[in-house]
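Novice: Going by our numbering, the first residue of the sequence shown is number 25, and it counts up by one from there. Even for Gly, the Cβ is constructed at its ideal location relative to N, Cα and C. Below is one structure. I have some questions about it.
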Amino acid sequence: MTDEEQTGEKQFDWPWLLSCGVVTVLATFVRFFWLTLKPLHHDEGVNGFFLTNLFRDGVYKYDPENYHGPTLYYISLAFTKLFGLETIPIRASVAVFGVLIVVLTLFLRRYLGKIGALSAATFLAISPGMVYISRYFIHEIFFVFLGLAVVVS
């Protein structure tokens, strides 16, 4: 009988938890550090226009022939209501989901094993492409997040 079975206490896998924490902190740092480094891009400006209308008027008018749905705008609205209609809050709304993608990847441990899940999460944490779309006020990060959430579930 193991110590865990004798005491009825669950033993934590501290190396795994520490590794997950390090990867999550790394992902958070590279996504949130200096979010204002680049000026807003044209696509971010278009999205900012719709967010600004939603922020000021409380109205988002969906046009099925143009642009995207309201997910980005409503998620970002929460950030802008809390922190103001500025570059950092709107980009932070996307950066949070970039970090959550890395965290979700760690939940693939049962399929990939510890090393596989940790490696995948680390590569996603530092991937230039993933970091880029995690710092850019566009809709694509939600497709990646929700797609991975379906896989994990």
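Please list the terminal residues of the continuous alpha helix (DSSP H) segment that includes LEU75.
Specialist: Translated into the one-based positions of the sequence shown, residue 75 becomes position 51. Its alpha helix (DSSP H) spans residues 66-81.
Novice: Tell me the DSSP secondary structure of GLU110 in three-state form.
Specialist: In the sequence shown, the residue the question calls residue 110 occupies position 86. It is coil, neither helix nor strand.
Novice: Compare the Cα-Cα distances from ASP67 to each of LEU124, HIS92, PRO152 and report the closest residue.
Specialist: Your numbering for residue 67 matches position 43 in the sequence shown. With distances taken between Cα atoms, ASP67 lies closest to HIS92.
Novice: Starting from GLU164, trace the alpha helix (DSSP H) both ways and give me its first and last residue.
Specialist: For the purposes of this step, residue 164 is identified with residue 140 of the sequence shown, where counting begins at 1. Looking at the DSSP string, the run of the alpha helix (DSSP H) that includes GLU164 is 164-176.
Novice: Less than 7 Å between C-beta atoms, sequence neighbours within five positions excluded: which residues of the same chain meet that for ARG133?
Specialist: Along the sequence shown, one-based indexing puts residue 133 at 109. Excluding sequence neighbours, ARG133 sits near ALA141.
Novice: Return the CA-CA distance between VAL118 and LEU106, expressed in angstroms with no decimal places.
Specialist: Walking along the sequence shown from the start, residue 118 turns up at place 94. Walking along the sequence shown from the start, residue 106 turns up at place 82. About 15 Å.
Novice: To the nearest angstrom, how far is it from the Cα of ARG80 to the Cα of SER151?
Specialist: Residue 80 sits at position 56 when you count from the first residue of the sequence shown. Residue 151 sits at position 127 when you count from the first residue of the sequence shown. Cα to Cα, the separation comes out at about 36 Å.
Novice: Between which two residues does the alpha helix (DSSP H) harbouring PRO152 extend?
Specialist: Within the sequence shown, numbered from 1, the residue matching residue 152 stands at position 128. Taken as a continuous stretch (DSSP letters only), the alpha helix (DSSP H) holding PRO152 covers 152-157.
Novice: Let me make sure I understand the geometry here. Which of LEU170, VAL123, TYR84, PHE161 has the alpha-carbon closest to that of PHE147?
Specialist: In the sequence shown, counting from the first residue as 1, residue 147 sits at position 123. Taking only the C-alpha atoms, the option nearest PHE147 is VAL123.
Novice: Does the segment 50-63 come into contact with the segment 100-115, if we say contact requires no fewer than three beta-carbon pairs (one atom in each stretch) closer than 8 Å?
Specialist: A contact exists between the segment 50-63 and the segment 100-115.
Novice: Where does ALA173 land, buried or exposed, given buried means 16+ other C-beta within 10 angstroms?
Specialist: In the sequence shown, residue 173 corresponds to position 149, counting from 1. Answer is exposed; the Cβ neighbour count stays below 16.
Novice: Is it buried or exposed for SER177, if we count other Cβ within 10 angstroms and need 16 for buried?
Specialist: The residue labelled residue 177 in the question sits at position 153 within the sequence shown. So SER177 ends up on the exposed side.
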